[in-house]
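Have a look at the structure below, then the notes.
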């Protein structure tokens, strides 16, 4: 079994990610994890039909929010942290107050499994995605249905608002990732996946690009202004289930059926770390709102919390802007994206060379 392993680890530098907490209590695969704004709570959803709220304080018990009649497929804290939304195979969406009492309001959102829930950054709207092939937008207050987007021709796995709330990105088993204009409610672009479909899609903090996690083992970063492929990573050996951008926009973390988490340096266009913690598929992963922690879940029924460590300078900056109440400075993100654009030619050879060198380092250490 062994403990979690972080590679590469030349003498395990202080900057390597480290396992901070280990949460056990679910009775089936974890489907989704998300941190509250203040990092005091972590929500997890599971195929066991339970939504758990874990306290990051030592010795504090977790509490289980029971209400769904079938598997909980997705969970997300509202931007303020005062609510948690969950979607289930029972076709409903539930809004909870994350406390011991766990007051909730449930509404039937779709005619099939709800795969994804996501709050807009102002906390006013909720977007849901379902196996009924539709994406729906609701008001959080009173859960009023606003509109439906229905051009996908297969299950919709994931839907996300852009940071400014103007766009919605969705990923479907119809092998497309679609971009929608929230105001006109029209599909403005379709990115086609040829080798498989995207399990998950996420907006870069700047809102200028999206990343998609593919069943074809790849991670793709697309520019949503020019509608072109910026980066294409082939670092996993099985389907990629989930991904999350670091708030600085400089790193991307991925979770795969190959049981690993991988941290990608987007500025350098390369693999930074491979984390071995889960026994079996790593199903979900999410950075905390300030990026100093990330959480992962697996089909091994375990939730793990990791300290990021490697990006202290990045998240200190993010933390300061959060504390002053200002939004994260856009200049930094523009810079990030322009560097991303300069690195369009992340060739497989370069990556292969890097991985081979990494393998050699590991073998030399073992010999």
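Numbering (the UniProt record's numbering), first residue to last: 1 to 367. Quick reminder that beta carbons are idealized off the backbone N, C-alpha and C, glycines included.
Span of the beta strand (DSSP E) around residue i
{"i": "residue 108", "result": "104 to 108"}
{"i": "residue 282", "result": "282 to 287"}
{"i": "residue 271", "result": "270 to 276"}
{"i": "residue 302", "result": "302 to 307"}
{"i": "residue 73", "result": "72 to 77"}
{"i": "residue 267", "result": "Unbroken run through residue 267: none, as it is neither H nor E."}
{"i": "residue 97", "result": "Unbroken run through residue 97: none, as it is neither H nor E."}
{"i": "residue 227", "result": "Note, residue 227: premise wrong, no beta strand (DSSP E); not H, not E."}
{"i": "residue 20", "result": "18 to 24"}
{"i": "residue 199", "result": "198 to 203"}
{"i": "residue 310", "result": "Looking at the DSSP string, residue 310 is not in any beta strand (DSSP E), and its letter there is neither H nor E."}
{"i": "residue 155", "result": "Segment: none, residue 155 is in no beta strand (DSSP E) and carries neither H nor E."}
{"i": "residue 66", "result": "No beta strand (DSSP E) contains residue 66, which DSSP labels as neither H nor E."}
{"i": "residue 296", "result": "293 to 298"}
{"i": "residue 136", "result": "135 to 139"}
{"i": "residue 254", "result": "251 to 256"}
{"i": "residue 148", "result": "145 to 149"}
Reference residue i, options the options, closest by Cα
{"i": "residue 250", "options": "280, 274, 291", "result": "291"}
{"i": "residue 106", "options": "100, 85, 165, 170", "result": "85"}
{"i": "residue 182", "options": "126, 167, 171", "result": "167"}
{"i": "residue 72", "options": "33, 262, 16", "result": "33"}
{"i": "residue 252", "options": "299, 276, 203", "result": "203"}
{"i": "residue 189", "options": "152, 21, 35", "result": "152"}
{"i": "residue 219", "options": "205, 244, 18, 207", "result": "244"}
{"i": "residue 215", "options": "187, 209, 268, 281", "result": "281"}
{"i": "residue 301", "options": "15, 23, 16", "result": "23"}
{"i": "residue 174", "options": "112, 83, 199, 93", "result": "199"}
{"i": "residue 248", "options": "88, 273, 207, 241", "result": "207"}
{"i": "residue 172", "options": "192, 69, 225", "result": "192"}
{"i": "residue 307", "options": "294, 145, 299", "result": "294"}
{"i": "residue 273", "options": "283, 254, 288", "result": "254"}
{"i": "residue 265", "options": "42, 233, 89", "result": "233"}
{"i": "residue 201", "options": "145, 170, 146", "result": "170"}
{"i": "residue 40", "options": "98, 93, 69, 31", "result": "98"}
{"i": "residue 94", "options": "60, 54, 138, 277", "result": "138"}
{"i": "residue 246", "options": "227, 205, 50, 31", "result": "205"}
Straight-line Cα distance separating residue j from residue i
{"i": "residue 134", "j": "residue 148", "result": "7 angstroms"}
{"i": "residue 159", "j": "residue 237", "result": "25 angstroms"}
{"i": "residue 67", "j": "residue 91", "result": "12 angstroms"}
{"i": "residue 163", "j": "residue 176", "result": "21 angstroms"}
{"i": "residue 327", "j": "residue 157", "result": "Low local confidence applies: a pLDDT of 25 at residue 327 is under 50, so the model's placement there is unreliable, and no value is given."}
{"i": "residue 48", "j": "residue 114", "result": "15 angstroms"}
{"i": "residue 239", "j": "residue 212", "result": "12 angstroms"}
{"i": "residue 131", "j": "residue 21", "result": "34 angstroms"}
{"i": "residue 275", "j": "residue 46", "result": "22 angstroms"}
{"i": "residue 18", "j": "residue 178", "result": "36 angstroms"}
{"i": "residue 154", "j": "residue 58", "result": "44 angstroms"}
{"i": "residue 104", "j": "residue 141", "result": "13 angstroms"}
{"i": "residue 119", "j": "residue 268", "result": "31 angstroms"}
{"i": "residue 260", "j": "residue 127", "result": "29 angstroms"}
{"i": "residue 368", "j": "residue 279", "result": "Residue 368 lies beyond the stretch modelled for the chain, which goes from 1 to 367, so this question has no answer here."}
{"i": "residue 74", "j": "residue 96", "result": "13 angstroms"}
{"i": "residue 165", "j": "residue 304", "result": "30 angstroms"}
{"i": "residue 88", "j": "residue 117", "result": "10 angstroms"}
{"i": "residue 150", "j": "residue 16", "result": "43 angstroms"}
{"i": "residue 289", "j": "residue 112", "result": "31 angstroms"}
{"i": "residue 121", "j": "residue 161", "result": "8 angstroms"}
{"i": "residue 334", "j": "residue 310", "result": "Low confidence applies to residue 334: its pLDDT is 40, below 50, so where it sits in the model is not reliable enough to give any reading."}
{"i": "residue 143", "j": "residue 56", "result": "30 angstroms"}
Contacting residues, own chain, Cβ-Cβ under 7 angstroms from residue i (five flanking each side not counted)
{"i": "residue 25", "result": "52, 62"}
{"i": "residue 81", "result": "36, 37, 38"}
{"i": "residue 286", "result": "33, 34, 35, 244, 294, 295"}
{"i": "residue 70", "result": "49, 88, 89, 90"}
Beta bridge counterpart(s) of residue i as assigned by DSSP
{"i": "residue 160", "result": "169"}
{"i": "residue 118", "result": "127"}
{"i": "residue 186", "result": "181"}
{"i": "residue 220", "result": "212, 232"}
{"i": "residue 41", "result": "55"}
{"i": "residue 34", "result": "43"}
{"i": "residue 84", "result": "77, 96"}
{"i": "residue 248", "result": "Answer by DSSP bridge pairing: none, since residue 248 is not bridged."}
{"i": "residue 260", "result": "276"}
Close-in-space but distant-in-sequence residues of the same chain around residue i (CB under 6 angstroms, 5 per side omitted)
{"i": "residue 235", "result": "262, 271"}
{"i": "residue 110", "result": "91, 130, 132"}
{"i": "residue 257", "result": "238, 239, 281"}
{"i": "residue 221", "result": "209, 211, 230, 231"}
{"i": "residue 195", "result": "216"}
{"i": "residue 180", "result": "149, 168, 187"}
Own chain, CB closer than 8 angstroms to residue i, minus 5 neighbours either side, in chain order
{"i": "residue 78", "result": "84, 85, 119, 123, 140"}
Any non-hydrogen atom of the ligand GDP within 8 angstroms of residue i CB
{"i": "residue 34", "result": "Only the bare structure without any ligand can be found here, which leaves the ligand GDP out of the picture."}
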